[in-house]
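Residue numbers (my numbering): 346 to 590.
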């Protein structure tokens, strides 16, 4: 399992897909994902009883975020986070789409239909979210039927996919950043941190974040004899001087 310090990123928010964490029993692992200054990680584990999948969200304590799992989806896992900054809100959605297999019997056609319905659920008077995650569709393959259909779906909803370099070891773009406004995504980078067969995607949002929470740590010393402590320190210093002479 990777934590933020492992990838040497000073990220304010991190979304991790395909965590393989369980709803219960992995609390100790989840707690280890929390660096200093960050809120308790949110583990949106797969609830179907099958292993695999899962999404984890980690963010700084100073950020005002509300995250929930969207459990009505069948063909992809999804969580949404509303970020409040300076009286404004931004909706971030992370998805993980399991690849089709003989076990789950999922098909790309089913995923596209459900994803299009999902996008259609956003009211016209509400800004569309930024959607990130592992789509397990090779966006770079412009001749693949389902990729072409997905491109059409995004275009219909005035959305743009902005990752243009491979995100996986087989040199395909499987991990996407989808946005209603390309100006919302700044300094996007795809980094190979050798922690997975997928790479790390980082980008900046053009929002002023709140100041970091400062903590003051105090210690009560009412049981300490200051005179005895001073004498012990002087004696230790004399002993060290004697040892090195």
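Idealized CB from N, CA, C, for every residue including glycine.
Taking three-plus beta-carbon pairs below 8 Å as touching, is the region 527-547 in contact with the region 509-517?
-> yes
Rounded to whole angstroms, what's the CA-CA distance from residue 368 to residue 479? Just pull it up for me.
-> 20 Å
Which residue comes first and which comes last in the beta strand (DSSP E) that contains residue 446?
-> Segment: none, residue 446 is in no beta strand (DSSP E) and carries neither H nor E.
Locate the alpha helix (DSSP H) running through residue 493, then write down its first and last residues.
-> 490-501
Alpha carbon to alpha carbon, how far is residue 550 from residue 530? Give it in angstroms, no decimals.
-> 6 Å
Contacts around residue 467, its chain only, beta-carbon distance under 8 Å, and the 5 residues preceding and following it disregarded = 473, 474
Helix or strand or just coil, what does DSSP make of residue 362?
-> strand
Would you list the one or two residues that DSSP bridges to residue 505?
-> 524
Does the region 427-446 come within contact of the region 397-413, defined as at least 3 CB pairs closer than 8 Å?
-> yes
Under a three-way DSSP split, which group does residue 589 fall into?
-> For residue 589, the predicted structure reports a pLDDT of 44, less than 50, and the residue's modelled location is therefore unreliable. A value from the coordinates is still provided. Three-state DSSP puts residue 589 in coil, outside helix and strand.
Express the C-alpha separation of residue 457 and residue 387 in angstroms, rounding to a whole number.
-> 27 Å
Enumerate in chain order the residues of its own chain whose CB-to-CB distance from residue 464 is below 6 Å, with the five nearest sequence positions on each side excluded.
-> 502
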